[in-house]
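A.B. asks:
In the working numbering, the protein residues as written are 4 to 188.
#1: Label residue 34 either buried or exposed according to how many other C-beta atoms from any shown protein chain fall within 10 Å of its C-beta, with 16 as the threshold for buried.
#2: Residue range of the beta strand (DSSP E) that residue 88 falls in?
#3: Assign residue 93 to buried or exposed, taking buried as 16 or more other Cβ atoms, counted over all protein chains shown, within 10 Å of its Cβ.
#4: Residue 84 to residue 130, Cα distance in whole Å?
#5: At the level of alpha carbons, what is the spacing between residue 174 and residue 25?
#6: Cβ of residue 205 within 8 Å of Cβ of residue 126?
#7: Indicate whether the contact test is met: 3 or more Cβ pairs, each with one atom in the region 33 to 48 and one in the region 94 to 107, closer than 8 Å.
#8: Roughly how many whole angstroms lie between the Cα atoms of residue 133 and residue 102?
#9: From residue 51 to residue 66, what does the alpha carbon distance come to, in whole angstroms?
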């Protein structure tokens, strides 16, 4: 296995902690878990990934349903230079395609970033690109604790301060869109 690629488990964990958290909470709602179990995104994701399919089938199945987009995720490698430091990242894109907001159709993407030097989760974003936008706009970003730093619905960032991705990441997402469906690697 390439040491620069985050493990499947790391990808699953970071997805459940961030981009998939709301879906996971919806899937687990019928189980009527206590707030103490669902409040911490890090602990909840870990418990769901560790859930035994035989001993705790409901939690295991809920996590599997939420992780479905990750099975078809496309990946890329991008190098980002910040001042004098150059760091390679692996981008995992579980969702990329068109989405509609009211009567406007734009592009929507979910992006997980992992830093190569440590294979730590670096970032998780929900992104949009509406007609006329020159770049991808950050609708939601997530902190290392799994809670959102910014949380806006698709396309809503047009009303506020525009927060955009770094050019190497924009280039990779544009490349994936141009490729159409399929593998990104």
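The beta-carbon is built from N, C-alpha and C at its ideal position, and this holds for glycine as well.
C.D. replies: Walking through what the data contain:
#1: Reading the chain shown from its first residue, position 31 is the one you call residue 34. That one is exposed.
#2: The residue labelled residue 88 in the question sits at position 85 within the chain shown. Taken as a continuous stretch (DSSP letters only), the beta strand (DSSP E) holding residue 88 covers 88 to 104.
#3: One-based indexing of the chain shown puts residue 93 at position 90. Result: buried.
#4: Your numbering for residue 84 matches position 81 in the chain shown. Your numbering for residue 130 matches position 127 in the chain shown. Straight-line Cα distance between these residues: approximately 21 Å.
#5: By 1-based counting over the chain shown, the position of residue 174 is 171. By 1-based counting over the chain shown, the position of residue 25 is 22. Taking the straight line joining both Cα atoms gives about 29 Å.
#6: Outside the displayed span of the chain (4 to 188) sits residue 205, for which this structure offers no information.
#7: no
#8: Taking the chain shown and counting its residues from 1, one reaches residue 133 at position 130. Taking the chain shown and counting its residues from 1, one reaches residue 102 at position 99. Cα-Cα distance, rounded: 9 Å.
#9: As a first step, residue 51 must be located in the chain shown, where it is residue number 48. As a first step, residue 66 must be located in the chain shown, where it is residue number 63. If you take the alpha carbons of residue 51 and residue 66, they lie about 6 Å apart.
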